[in-house]
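So in our numbering, spot 131 of the sequence shown is number 131, and the numbers just go up one at a time.
Taking it in order: structure first as structure tokens, then the write-up.
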Amino acid sequence: MENRTLGIIGGTGWLGRAIAEAALDSGFIGPDRLLISNRSGVSTFEPGVRLLADNQQLVDLSDIVVLSIRPEQFRELLINARGKVVISLMAGVPAAAISAATGADVIVRAMPNAAVEIRQSFTPWYSVGKLVEHDRQWVQRLFECVGSADEVPEEDCIDYLSALSGTGPAFPAMLQMALTNQAVAAGIPLVIAQRAAQGVVVGGGQMLASRDPRQMIESLMAYRGVTAAALQSMADQNIESIVGRAVQAGAEIARKGM
């Protein structure tokens with residue numbers, strides 16, 4: 001268990017709370033080492049976790065501060081975090097802007113996704129400033145509480161991945177909805193269409209957790225049957241370019257700042 005104090009600004013929101021609860025449940029941090037601040041002043045965390053209404057007080061009492069707030073809320077955040085490690089979970093807010101606003105010399109930008117709720121998020125992160133090795137390992141282990149994580153080599157990777165892994169279930173949800181709608185248009189009853197599409201997305205996703213996607217596609221194409229015809233149609237329509245343009249559109253928003 002870590003002896004460092006973690007403060008989460010916005011820690012009762014869905015993202016901050018999911019990370020806090022996972023860190024507590026895994027034993028990564030004890031309740032006496034966790035501080036939470038929010039606007040409502042309401043907390044349902046276990047005894048020992050301190051809820052603060054004053055963000056600056058949280059910063060003063062913490063070794064590492066997490067900003068789990070929306071980008072538009074950052075403009076209103078007035079804190080002095082000099083000497084602290086600040087971890088930002090905000091999309092589209094560059095490390096330089098966070099450092100300028102908070103005075104922190106060490107900034108970590110990270111992009112978890114909605115799968116933190118089931119502790120299967122992939123979280124890329126990037127650090128600016130002199131992040132000592134112990135803190136680097138600490139950050140990695142914190143995000144491993146909610147899934148898997150990787151440190152990326154450039155800050156731009158965070159902006160790009162905000163539109164890829166950061167979208168969480170958005171792309172699978174759109175695929176499932178498209179499959180459902182097309183099945184209904186083909187005369188399949190809605191309830192059956194929904195179950196069939198869900199089976200493709202959810203069941204297929206579980207299979208891919210332990211399989212190489214390229215090998216799976218190649219093996220299915222080799223049968224030259226129904227599945228191969230469907231896959232070939234998507235390839236002919238250049239599905240990779242469609243997906244690529246979609247991710248780039250999101251990444252451009254992140255790079256411009258939200």
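Just so it is clear, CB atoms sit at the ideal spot from N, CA and C, and this is done for glycine as well.
Let me know the secondary structure DSSP gives residue i once reduced to three states.
i	result
Pro-124	strand
Ser-165	helix
Asp-319	Absent from the structure is residue 319, since the part of the chain shown begins at 1 and ends at 258.
Gly-250	helix
Lys-256	helix
Phe-45	coil
Cys-157	helix
Asp-60	helix
Asp-212	coil
Asn-80	coil
Ile-192	helix
Gly-225	coil
Arg-75	coil
Pro-172	helix
Leu-131	coil
Val-201	helix
Val-146	coil
Could you tell me which residues DSSP pairs with residue i in its beta bridges?
i	result
Ala-110	Trp-125
Leu-51	Ile-36
Glu-151	Trp-125
Ser-88	Leu-67, Arg-109
Gly-7	Leu-35, Val-65
Spatial neighbours of residue i within its chain, please: C-beta separation below 6 angstroms, excluding the five flanking residues on both sides.
i	result
Phe-45	none
Val-128	Ala-95, Ile-107
Val-152	Pro-124, Tyr-126
Asp-156	none
Spatial neighbours of residue i within its chain, please: CB distance less than 7 angstroms, with the 5 preceding and 5 following residues excluded, ordered by chain position.
i	result
Leu-183	In the sequence on display, residue 183 carries Ala and not Leu. Result list for Ala-183: Ala-193, Ala-196, Ala-197, in chain order.
Compare the C-beta of residue i against all C-beta atoms of chain C and say whether one is closer than 8 angstroms.
i	result
Ala-22	Reference to chain C is not applicable here, since this structure consists of a single protein chain.
- Query: Any contact of the stretch 68-87 with the stretch 99-117, i.e. 3+ C-beta pairs under 8 angstroms?
  - Reply: At 8 angstroms Cβ cutoff, the stretches touch.
- Message: Below 8 angstroms, how does it come out for the stretch 5-23 and the stretch 55-66: are there three or more Cβ pairs, yes or no?
- Response: Taking a cut-off of 8 angstroms for Cβ pairs, the stretch 5-23 and the stretch 55-66 touch, as three or more such pairs fall below it.
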